Each structure stands twice: as C-alpha cells, then as structure tokens.
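So the mapping is simple: the numbering used here equals the position in the sequence shown, first residue as 1, plus 830.
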Amino acid sequence: MLKGKIKSNIYLILVFLWGLSGCATPYTTGGLLGGYSDSHIGKDQFHITVQGNGYTNTEMIEQYFYRRAADLAKENGYATYKVISFKASTEPWGLICCFPTVTGVIQGLREEIKRFPDDLLTVRLESLERFSAV
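Below, the structure written as structure tokens:
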C-alpha cells in the first residue's frame with residue numbers, strides 16, 4: 831500500500847512538472863519559468879535582465895524589458911527613461927538549448943526630452959501603457 835502511494839505521488843509530481851514545461855515565461859520576477867530581475871546601479875540608473883524559457887520568443891522578452899523599464903520609471907517617480915545599453919541574445923542553459931535573454935541599463939528622467947538624440951532610445955511612458963495589458 832505504501833508503494834502505491836509513493837508511485838501515485840511521483841506520477842503527480844511528474845505531471846505537474848510536465849505541465850510547467852509547456853508554459854511560456856510570465857511577466858514576473860525571475861523564477862522556474864524565467865522572468866525579470868533588476869537592480870539600482872547608480873544615480874537614476876537601473877540594470878534589467880529578462881530571461882525566457884524554451885517556449886518564449888525573443889520579441890516577447892524584449893517587450894518584457896520595456897515594460898519593466900516603464901514600471902521602474904513610474905515606481906521611482908520618473909517622467910520617462912532612456913535606454914543606455916541593450917543586448918538581446920540566446921543563452922545556453924545546462925544541457926538544454928538556448929533561452930532568450932535581454933539585458934540592459936536604463937536611466938530615469940525627471941522630465942521628458944524635447945529632442946530625441948539618434949544614439950539614445952527614449953520612450954514616453956504613456957506609449958508603453960499598451961504593454962501593461964500583455
């Protein structure tokens with residue numbers, strides 16, 4: 831009887847893990863399925879990393895990066911932000927192929943920039959509200 835319970839528990843765990851393996855990365859802090867992490871690295875600057883899993887494409891991870899950047903700007907009282915650095919890649923993970931990863935640094939801005947320099951990507955927070963619904 832004890833062996834039967836152990837077997838059924840093992841099957842339940844396997845079914846649960848199998849179910850998790852088919853899930854795309856949610857927009858949340860990093861976890862088993864991927865997600866974002868960020869840190870305050872200096873005056874008005876934040877480092878953001880978003881990692882997906884095998885079921886999430888790079889475009890979605892890039893959208894999560896910009897969504898997290900907008901959230902950080904709002905949470906810290908900035909009117910907008912500019913992207914200082916940005917890199918999208920696929921990173922190997924153990925024996926499994928590659929997971930999409932986006933990493934970058936943003937700088938919060940207290941006022942909107944009137945002129946958009948060619949070397950900076952500046953995003954108005956209002957334009958990113960549509961990503962918040964994703």
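Ideal Cβ positions, reconstructed from N, Cα and C, are used throughout, including at glycine.
In this text the structure is predicted, and so the values were computed from the model without any measurement.
Item	Value
What first and last residue would you give for the alpha helix (DSSP H) that runs through Thr879?	That residue, Thr879, is in no alpha helix (DSSP H); its beta strand (DSSP E) goes Gln875 to Gln881.
Would you give the residue range spanned by the alpha helix (DSSP H) that Tyr896 belongs to?	Thr888 to Glu905
Below 8 Å, how does it come out for the segment 932-939 and the segment 907-923: are there three or more Cβ pairs, yes or no?	yes
Cα separation between Glu921 and Tyr896?	20 Å
Would DSSP call Thr910 helix, strand or coil?	strand
Taking Tyr866 as part of the beta strand (DSSP E), name the residues at either end of that continuous run.	Gly865 to Gly872
Express the C-alpha separation of Gly860 and Gln875 in angstroms, rounding to a whole number.	20 Å
Excluding the five sequence neighbours on either side, which residues of its own chain have a C-beta within less than 8 Å of the C-beta of Thr858, listed in chain order?	Gly865 and Tyr866
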